[in-house]
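Q:
Residue numbers (this note's numbering), protein chains in the order written: chain A, 7 to 295; chain B, 227 to 628.
#1: Ends of the alpha helix (DSSP H) at residue 486/B?
#2: Does any residue of chain A bring its CB to less than 7 Å from the CB of residue 517/B?
#3: Tell me whether residue 248/B sits in a helix, a strand or coil according to DSSP, three-state version.
#4: Please report the Cβ distance between residue 361/B and residue 379/B, rounded to the nearest whole angstrom; I am assuming they are in contact, meaning their Cβ atoms lie under 8 Å.
#5: Along chain C, which residues have their Cβ under 9 Å away from the Cβ of residue 146/A?
#6: Would you say residue 453/B lies against chain A (beta-carbon separation less than 7 Å)?
#7: At the level of alpha carbons, what is the spacing between residue 579/B and residue 585/B?
#8: Can you list, in chain order, the residues of its chain with a C-beta nearer than 6 Å to that of residue 278/A? Leave out the 5 residues immediately preceding and following it.
#9: Quick one: is residue 287/A buried, meaning 16 or more other Cβ sit within 10 Å of its Cβ, or exposed?
#10: Please give me, in chain order, every unbroken run of the beta strand (DSSP E) with length at least 3 that falls completely inside the stretch 123-179 of chain A.
#11: Taking residue 422/B as part of the alpha helix (DSSP H), name the residues at either end of that continuous run.
#12: Assign residue 247/B to buried or exposed, taking buried as 16 or more other Cβ atoms, counted over all protein chains shown, within 10 Å of its Cβ.
#13: Taking only the alpha-carbon atoms, compute the straight-line gap between residue 138/A and residue 256/A and give it to the nearest angstrom.
#14: What do you get for residue 515/B, buried or exposed, if any count of 16 or more other CB atoms within 10 angstroms of its CB means buried?
#15: Under 7 Å between C-beta atoms, does residue 309/B make it to chain A?
#16: Jot down the residue ranges of each uninterrupted alpha helix (DSSP H) in the stretch 223-252 of chain A, minimum 4 residues, whole runs only, in chain order.
#17: Sort out for me which residues DSSP pairs residue 409/B with in a bridge.
#18: Check distances from the C-beta atoms of the stretch 416-447 of chain B to those of chain A and list, in chain order, the residues that come in under 9 Å.
#19: Using only the heavy atoms of the ligand COA, determine whether one of them is closer than 6 Å to the beta carbon of residue 448/B.
#20: Can you name the residues of chain B whose CB is closer than 7 Å to the CB of residue 6/A?
#21: Using the beta-carbon of each residue, which ones in chain B are nearer than 7 Å to residue 10/A?
#22: With respect to the alpha helix (DSSP H) encompassing residue 574/B, which residues constitute its N-terminal and C-terminal limits?
#23: Residues in the same chain with beta-carbon distance under 7 Å from residue 606/B, minus the five sequence neighbours each way, listed in chain order, please.
#24: Using a beta-carbon distance below 7 Å, is residue 496/B in contact with chain A?
#25: Which bits of chain A does residue 470/B rub up against, with CB to CB less than 7 Å?
#26: Give the interface partners of residue 503/B over in chain A, defined as CB-CB distance under 9 Å, in chain order.
#27: Near residue 16/A, what residues of its chain come up, given a Cβ to Cβ distance below 8 Å and the 5 sequence neighbours on each side ignored?
#28: Return no unless some Cβ of chain B is closer than 7 Å to the Cβ of residue 280/A.
#29: Do the CB positions of residue 6/A and residue 54/A come within less than 7 Å of each other?
#30: Looking at the secondary structure, which residues open and close the alpha helix (DSSP H) in which residue 14/A lies?
#31: Kindly indicate which three-state DSSP category residue 291/B falls into: helix, strand or coil?
#32: So with CB distances below 8 Å, who are the chain B contacts of residue 219/A?
#33: Just how far apart, CA to CA, sit residue 74/A and residue 161/A?
#34: Let's see if you can read the secondary structure: which residues bound the beta strand (DSSP E) around residue 606/B?
#35: For the stretch 383-416 of chain B, which residues have a CB atom closer than 9 Å to at least one CB atom of chain A, in sequence order?
#36: Please list, in chain order, the chain B residues whose beta carbon lies closer than 8 Å to that of residue 17/A.
What follows is the structure, given as structure tokens:
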């Protein structure tokens, strides 16, 4: 039985790494722009579908990422600049409702257009790198590589946030927007770039996700809910916290499947979200990146 | 002036609508073709399952008419058939209004189709209200037929109680004999129904059920399920699931090197194979009928499928759809008249021919159809059981999984 436990634990850690990656972009955009992007997970699903089609066209995953990341970056920036930024000029209530409508509308449009153009059936990039066998425990090399890539990406984003002017500006706006503007941070530019940066990280997450799990145009909202749970548990803007929270969520889902019922595993994120909001609303820490 | 303009526009609209309506068929006529009305899910969620069926249905009518049409005794001659077809968009409400239109406006003689239980649920009420016999196609939920309808029949294949009958019969005859089985079931009424039937029956044939897991249609990570299966080391892994929902399960099974004497999938389809490739090599599954298996009307169906470029492995629900046409044709022939009441009487508890064997209706209009057992051998689906219709020999234990 210990092998089964270890197997599920390892699977949960690997799955959680992917969840964390999905949450990074949302964590940044919410931290800086204060907009809950309901289309975040759907963007991942759509990019995943495009990635699988590019793979079928003969491109390898690295090239696919190199093509899709700049495209997603441009899309994210344009999405904020043209659709969300004008709402900032409205009264707070209208602005809040407007951003919800725009992001939910984007979710529906992205899903339906992708379904019409590429079909609604699940798609992925079926790449295998073999497995490590330790006793009766199987560790797929691909998932291990994805977990390492996630850890490296977390480190890279952390360095960007702590060692570059862009990162310092993001942290400044996250902590105190007016003071940051007084210090010369151009708010609109920074918000646009943050949305673009968030979409870029979604593209990387999408390519890594589709290497392991199938995606379809309508699966995005569930991922967005998981990302919400992770950023609330990890702390808004706190990327290492998000990584730990993602892994906790992945392990919790796996253990739910092992000790209770697999069907309930997807619901665990909502249960966790509610428990955290009641018991420890500040998550792991109050500190942001 | 305004009133005149309005009157002119209204008159034009009425005339336009009248012209736009298709000519209504003359009911029961010996001088006109027998008109069958149907809807297909050409758009919407089910469209990938049925997108070639309009052309196939037209070709079916052409081929039947080329072979002389349907002998009708009261007319002393054979009558050709023709179809009026609409797209129900995979939406039940649309299907209901279209069946109303087929009966009230197009005045078709009889109804065939629709497919899928969600659409087949509300449609029978239309047929019943207008007293028009309907032979539905892929509507497999038994409760739909248990509502006391008198004009409703269906040709779903296979039906839930008989879904894997031949597969489990095959397991009695293989060597080495499997001793244990693990069920993995998608949370769906049809799939749960199949598992319920067989998890009870298998113990009678000496198979021990060592585990049973249920998963949701949207589940992506199966680590916990697969870890449990690995620990039990079952001889047979029985996956009761629609093809699309099981893609991540199948891929992760291969990744985690799950081994068994056989892995059986209730919906081993071309679509699944295209997505997971060699991961299902050697697996067994079900197919209602396969090109090459000889039976009643198999020549006609072979020609129709070939001309319409429909492969049974890709469009696994095709025979049930074609069977609804075949049954209605035979019912008219048995009735000897293009008469709704006589056709209704012919259908009641009737036995009808199909390429996959006889279709026998019970008193509710529910059939008894089963399926052949197939195995994926070198990337091709072949019928392996029953032996007398097999197109290839069963490879046992299944090659890839052992």
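Backbone N, C-alpha and C fix where the C-beta goes; we use that ideal spot for every residue, glycine too. Remember, predicted model here, so these are calculated numbers, not experimental data.
A: From the atom records:
#1: For the purposes of this step, residue 486/B is taken as residue 260 along the second chain, with counting starting at 1. Element bounds for residue 486/B: n/a, residue is neither H nor E.
#2: Working through the second chain from its first residue, we reach residue 517/B at position 291. By this cut-off, residue 517/B is not an interface position.
#3: For this step, residue 248/B is matched to residue 22 along the second chain. Low local confidence applies: a pLDDT of 46 at residue 248/B is under 50, so the model's placement there is unreliable, with the coordinate-based value given in what follows. In the structure shown, residue 248/B sits in coil (DSSP, three-state: anything other than H, G, I, E or B).
#4: Against the second chain, residue 361/B aligns to sequence position 135. Against the second chain, residue 379/B aligns to sequence position 153. Contact flag correct, Cβ pair sits at about 5 Å.
#5: Protein chains in the displayed structure are A and B, and chain C is not among them.
#6: By 1-based counting over the second chain, the position of residue 453/B is 227. At least one chain A Cβ lies under 7 Å of residue 453/B.
#7: As a working mapping, residue 579/B is identified with position 353 in the second chain. As a working mapping, residue 585/B is identified with position 359 in the second chain. Looking at the two C-alpha atoms, the distance is approximately 6 Å.
#8: Position 272 of the first chain holds residue 278/A. Around residue 278/A: 235.
#9: Locating residue 287/A in the first chain gives position 281, where the first residue counts as 1. Burial call: exposed.
#10: Runs found: 137-140, 143-146.
#11: Taking the first residue of the second chain as position 1, residue 422/B is located at position 196. Going by DSSP, residue 422/B is part of the alpha helix (DSSP H) stretching over 415-427.
#12: The residue labelled residue 247/B in the question sits at position 21 within the second chain. Here the model assigns residue 247/B a pLDDT of 45, short of 50, so the residue's position is not dependable, and the following value carries that caveat. Label assigned to residue 247/B: exposed.
#13: Position 132 of the first chain holds residue 138/A. Position 250 of the first chain holds residue 256/A. In this model, residue 138/A and residue 256/A are separated by some 21 Å (Cα to Cα).
#14: For the purposes of this step, residue 515/B is taken as the residue at position 289 of the second chain. Buried: at least 16 other Cβ atoms inside 10 Å.
#15: The residue given as residue 309/B occupies position 83 in the second chain. By this cut-off, residue 309/B is not an interface position.
#16: With a minimum length of 4 residues, the continuous alpha helix (DSSP H) runs that stay inside the stretch 223-252 of chain A are 226-240.
#17: Within the second chain, the letter at position 183 stands for residue 409/B. Beta bridge pairing from DSSP links residue 409/B with 438/B, 464/B.
#18: Result list: 439, 440, 441, 442, 444, 445, 446, 447.
#19: Summarising the ligand content, the structure contains no ligands, and the ligand COA is consequently not present.
#20: The shown model of chain A, from 7 to 295, leaves out residue 6/A, and the question about it has no answer.
#21: Residue numbering aside, residue 10/A sits at position 4 when the first chain is read from its first letter. Ordered by position in chain B, the residues that pass the 7 Å Cβ test against residue 10/A are 453, 454, 457.
#22: Here residue 574/B is taken as the residue at index 348 of the second chain, counted from 1. Boundaries for residue 574/B: no alpha helix (DSSP H) harbours it, and the DSSP string shows neither H nor E there.
#23: For the purposes of this step, residue 606/B is taken as residue 380 along the second chain, with counting starting at 1. There are no such residues.
#24: Counting from one through the second chain, the residue named residue 496/B turns up at place 270. Output row for residue 496/B: interface = no.
#25: The count along the second chain starts at 1 and reaches residue 470/B at position 244. Under the 7 Å cutoff, chain A gives 127, 128.
#26: Counting from 1 along the second chain, the entry for residue 503/B is found at position 277. Within 9 Å Cβ-Cβ: 132.
#27: To locate residue 16/A, count along the first chain from 1; it is residue 10. Excluding sequence neighbours, residue 16/A sits near 143, 145.
#28: By one-based count along the first chain, residue 280/A stands at place 274. Chain B, which has no Cβ nearer than 7 Å to the Cβ of residue 280/A, makes this no.
#29: Past the boundaries of the shown model lies residue 6/A; chain A is included only from 7 to 295, so the question cannot be answered.
#30: Residue mapping note: residue 14/A aligns to position 8 of the first chain, counting from 1. That run of the alpha helix (DSSP H) goes 8-39.
#31: Against the second chain, residue 291/B aligns to sequence position 65. Three-state result, residue 291/B: helix.
#32: For this step, residue 219/A is matched to residue 213 along the first chain. Ordered by position in chain B, the residues that pass the 8 Å Cβ test against residue 219/A are 446, 447, 474.
#33: Counting from one through the first chain, the residue named residue 74/A turns up at place 68. Counting from one through the first chain, the residue named residue 161/A turns up at place 155. In this structure, the alpha-carbon of residue 74/A lies about 21 Å from that of residue 161/A.
#34: Here residue 606/B corresponds to residue number 380 of the second chain, with the count starting at 1. Residue 606/B: member of the beta strand (DSSP E) spanning 606-611, first to last residue.
#35: Answer set for the stretch 383-416 of chain B: 413.
#36: In the first chain, residue 17/A corresponds to position 11, counting from 1. Here the neighbours are 447, 449, 450, 453.
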